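For our numbering, count along the sequence shown from 1 and bump the result up by 26.
Backbone N, C-alpha and C define an ideal beta-carbon position, used for all residues, glycine too.
These numbers come from a predicted model, not from an experiment.
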Amino acid sequence: MKIYIVGTVGSGKSTLARKLSEKNSMRVFHLDNIVHEGERNRTDKEVFESIECIFKNECFIIEDTLRERFIPLLDKVDKIIYLDLPKNLLKYRIIKRYVKQKLRLEKSTYRPSLQMLKQMFIWQKNGRSELINAQKNKIVLHNKREIRQFIKNFQK
């Protein structure tokens, strides 16, 4: 099964991917790590070579905010899981993540700064609900209870 987890910053994409992976031994690919190598942005060629390698697998989970360049991947997966959580919860999680990263209680692939915090709030506003809702193979989860239930019932 090929799964694409989509949601805004702070929606819990990585956590959901990890939990599904642990439950079903599925490999997880964070598209942030495909696009960025530390502080360096990979070239389009490098990104799409990596994507091709991922899609050679029969079973995997990818997660991302659904950047424009990855929209075509929606047609290549079996399931799209969209985390459409309340905006206030997302704002709280963004601030909590920033504080934890500044205190070095949480790892970060980027340098936590006020500029990055501001950017996260901007990204958080750019949801993809209209695009996702048009997909037939989607599952939309709106809150923690629905996410817990989904994890409990999930089988690849």
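For residue j and residue i, believed in contact at Cβ under 8 Å, the rounded distance
i, j, result
"L167", "F180", "Not a contact, Cβ separation roughly 11 Å."
"P138", "Q127", "4 Å"
Range of the contiguous alpha helix (DSSP H) that encloses residue i
i, result
"Y118", "K113 to K128"
"F147", "L140 to K151"
"I107", "Note, I107: premise wrong, no alpha helix (DSSP H); beta strand (DSSP E) at K105 to L109."
Nonlocal neighbours in the same chain, by C-beta distance under 8 Å from residue i, ignoring five residues either side
i, result
"R44", "V54"
"L116", "T34, V35, G36, S37 and Q150"
Start and end residues, beta strand (DSSP E) containing residue i
i, result
"K133", "Segment: none, K133 is in no beta strand (DSSP E) and carries neither H nor E."
"I29", "K28 to G33"
"I88", "F86 to D90"
Sub-8 Å separation of residue i and residue j beta-carbons
i, j, result
"F96", "D90", "yes"
"S40", "H56", "yes"
"C79", "M27", "no"
"S47", "I77", "no"
"L111", "N67", "no"
Beta-carbon proximity list for residue i, same chain, < 7 Å, skipping 5 on both sides
i, result
"L100", "Y30, I106 and Q161"
"C154", "Rather than Cys, the amino acid found at residue 154 in this sequence is Arg. Around R154: V32 and L92."
"M142", "Y136"
The ligand ZN heavy atom lying under 7 Å from the CB of residue i
i, result
"I148", "In the structure shown, the ligand ZN is absent, as is every other ligand, since no ligand is present at all."
Q.
Ignoring anything shorter than 3 residues, give me the beta strand (DSSP E) runs that lie fully in the segment 57–81, in order along the chain.
A. none
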